[in-house]
Every structure is written in C-alpha cells, then in structure tokens.
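Residue numbers for the sequence shown follow this note's numbering, so the first one is 1 and each next one is one higher.
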Amino acid sequence: MLIKNISDFKNHVSVFDMDIKSLKPYILAAEEEFIIPIIGQELYDALDAAYNSNVVVPADLAKLLAKVQLPLANLAFNIGAPFLNIEITDSGINTTASENKKAANEWAVDRAQRQAATIGDKGLDRLLEFLELNKDITAYAAWKADATLYTQNKLFFINSAKEFSGLFNIGGSRRTYQALLPILRGIEETQITKITGRALFNEMKTRILANGSTSDDAALFNYIKPALAYLTISRASLELSMNLTPEGMMITSYKSNTNNNRQVDPASESRLSTLRAETKAEGEAYLSELSDFLKKYASASRYASFYNDPLLYDQTALESSTKSYENDADSGIYVA
C-alpha cells in the first residue's frame, strides 16, 4: 500500500482524528482502480517494496511516489467519503454523531467528493505526464517496456482530459474523459477516416505513437481535434448521463436523494438538446473544413496517400470545377 500512515495521507487531504486503518480499504480500492492501471503492477510492486522498507526510498522512486500519493489520497477519499461517518452493526447502518460532532449533510459530502475527484483526476494526468517525460530513467523501465502502459496516452488524436478540456470544457476530469473514449474512438474510426482515408489516418496515428507528428499533421489536427471534441460531446449528451456544472460538462457520478440534501441532477433535456445540436453543427463544420483543406493542399509530396486515392481526391473533378471560361459577347451567356 502506497500510503501507510495518516501523516502521508494528510499531506494531500485534510482529515482529523482518523486512523489509517479506517482508510485502508479505500486506499487499496483506489490503487487497484486508478494507480496500477497507469503505472503497471511491476512498477507498483517496486514502489511498494521501497516505500514499505526500513531504508530511504531511492530518489527516482521517491519522486514517483510523490506523484502517486496525491491522486491516490484524493481518490481514496472520494471512494470512502460516504462511509466514513457511518457504522454498520447487527442492528443496521447508523450515522455516527455526538453532542460535539454532527454528521455532515450529504450535499456537503458530495461537494467534498467532487473536489477530491477533481484533484485526483488531474493528479493522474500529471502522473502520466511525469512518466512520459522521465521514461528513460532506469527506475521506470518496467513502465516503458509495457506497450499497453507506455502507449495509453498516445492512442487517440486527443489523449488527455486536459487536452480535451482545451477544446470543450469537461473540467479537466479524467473520469469524464475516459467515459467519452468509446464514443471518441468510434468517431475517429468512422467520420475522420471517411475524410482522410485509412492510409493517411494510420500514418498520423503511427507518428503520434512515436512522438513524431509533423507540421503537416499539426495542420490537420487543427480541424480533427475540435471536430472530435464537439461530435463526441454531441453523441455523449445522448448516450451518457451528463451534468452541466460551473466546472464544465461532467459525467454524473453521484446523486443524493434523501431529505436535507442538495441533489446532483443531470442537465435538463432542453439544455442538452440545445447543446447536442450546437456541438453537432460545430463538429460537422470542422469536418467540412478538414475536407476542404486536404483537397486544396494535397499533392504528390504532401498528404500523398490522400492525393493518390481517387475515391478521396478526384483531381479531374477539381480541375473541372475551377476551369476558367472565356465569355462570348454575342452568345448572351456569361460564366463568372
């Protein structure tokens, strides 16, 4: 376990009068759900062994541990918060309270959970960024050697919650981003390939994996990425439980429904309907601009796989559409 005492937990989440044993189930759950899928079991085991030994943690592992503990503590709190002020006995589930301490309203617990989730999600993205920047350090070799781990932030045209939020605000939420990925993947495979063709699409993806995207790729990304973001949100507003919050469009994760609560409701259907139509129109506009850009600038030396595909790029038709005509003054017909 990568947080072994309450002092380390308090470095990242403010808690009082709590034993680390009370938090252990939620720390373990957060490690299993969030941390191990990012750093891998082998690197986790090495970090766990170093942290729980009686010697000083090696410098490189200590740096990684700091990046892990922030999201781990916050996501463990997010998981455990609803259970920390209740006790389960033979007589049922009871809220723990006393004359000096009153149990928090569920809306307060929800708010604390959302804040912890936001901090934790952003911490996971920073953890991935840290590993990517330091991938050649020997201590992290197991992560780099595992292709499923090393490529997890290189599989799409939009590869992080932060990047997605720069195109359409999802509050930097990693869990919202991950919930959107199946939809995003589908739009890549259908609507983007329909315009770029499979060959050019695969070429761009290969360069993303190799951190070798070109300036020509970047020119296309100016259209591909916003198109993906808008069309993904449009589809998600229909398929997923979404909530419009001050922080942005979020996946609805929790909902209270007892008295004395503030309920977290999905966005109203009228607002979602408007959002769905607007984002669909924006996304399709970017797709149209992508198509126009490729047809204008493709050549034998630039976007060649698109240029050489007659199903995508009809040079004869383009030349015909741009052919100039000389007007006959006696014909009465003028072509502009």
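Each residue gets a CB set at the ideal place from its N, CA and C atoms; glycine is no exception. In this text, all values refer to a predicted model and were calculated from it rather than measured experimentally.
Check, Outcome
"Let me know if residue 83 comes out buried or exposed under the rule of 16 or more other beta-carbons within 10 Å of its beta-carbon.", "exposed"
"Looking at residue 172: is its Cβ nearer than 8 Å to the Cβ of residue 121?", "yes"
"So, helix, strand or coil for residue 283, using DSSP?", "helix"
"Could you tell me whether the segment 60-68 touches the segment 146-159, using the rule of 3 or more Cβ pairs below 8 Å?", "no"
"Here's a check: name, in chain order, each residue in its chain whose Cβ is nearer than 7 Å to the Cβ of residue 14, leaving out the five neighbours to either side.", "none"
"Report yes if the CB atom of residue 74 is closer than 8 Å to the CB atom of residue 40, and no otherwise.", "no"
"Check whether the segment 137-149 touches the segment 199-213, counting contact only when three or more Cβ pairs, one atom from each stretch, lie closer than 8 Å.", "no"
"Would you decide whether residue 188 is buried or exposed? Buried here means 16 or more other CB atoms lie within 10 Å of its CB.", "buried"
"If we ignore side chains and look at the alpha-carbon of each, how far apart do residue 219 and residue 269 end up?", "36 Å"
"From this set, 67, 8 and 106, which residue's C-alpha is nearest residue 81's C-alpha?", "106"
"Contact check, residue 340 vs residue 167 under 8 Å by CB: the rounded distance?", "Beyond the ends of the chain as shown, which are 1 and 336, falls residue 340; an answer cannot be given."
"Could you give the C-beta distance for residue 125 and residue 161, rounded to a whole number, given that I count them as a contact under 8 Å?", "6 Å"
"For residue 184, I'd like the list of residues in its chain whose CB is within less than 7 Å of its CB, leaving aside the five on either flank, ordered along the chain.", "156, 158, 228 and 232"
"What is the residue span of the alpha helix (DSSP H) that residue 121 lies within?", "106-133"
"How about residue 117 and residue 175: are their beta carbons less than 8 Å apart?", "yes"
"What residue ranges within the segment 187-226 form continuous alpha helix (DSSP H) runs of no fewer than 4 residues, ordered along the chain?", "193-196 and 198-209"
"Pull up the distance between the alpha-carbon of residue 275 and that of residue 238, whole angstroms please.", "10 Å"
"Report all residues from its chain with a CB closer than 7 Å to the CB of residue 30; omit the five preceding and five following residues, and keep chain order.", "72, 75, 76 and 79"
"Does the Cβ-Cβ distance between residue 280 and residue 234 come in under 8 Å?", "yes"
"Can the beta-carbon of residue 4 be found closer than 8 Å to that of residue 54?", "no"
"If we count the other Cβ atoms within 10 Å of its Cβ and call it buried at 16 or more, is residue 16 buried or exposed?", "exposed"
"Looking only at C-alpha atoms, which of 145, 56, 286 and 135 sits nearest to residue 222?", "286"
"Since residue 127 and residue 38 should fall inside the 8 Å C-beta cutoff, what is the C-beta to C-beta distance between them, to a whole number of angstroms?", "6 Å"
"Considering only C-alpha positions, which residue in the set 145, 67 and 299 is nearest to residue 129?", "67"
"Could you tell me if the beta carbon of residue 114 falls within a distance shorter than 7 Å of some heavy atom in the ligand GDP?", "Within the structure as shown, the ligand GDP is missing, as the structure has no ligands at all."
"Quick check: the Cα distance between residue 337 and residue 277, rounded to an integer number of angstroms?", "Because the chain here runs from 1 to 336, residue 337 falls outside it and cannot be looked at."
"Using the Cβ count rule (16 or more neighbours within 10 Å means buried), how would you classify residue 190?", "exposed"
"Look at the alpha carbon of residue 18 and the alpha carbon of residue 196, and state the distance between them as a whole number of angstroms.", "56 Å"
"If you reduce the DSSP assignment to three classes, tell me which class residue 53 lands in.", "coil"
"From 70, 50 and 288, pick the residue whose C-alpha is nearest to that of residue 8; which is it?", "70"
"When you compare only the Cα positions, how much space is there between residue 283 and residue 132?", "30 Å"
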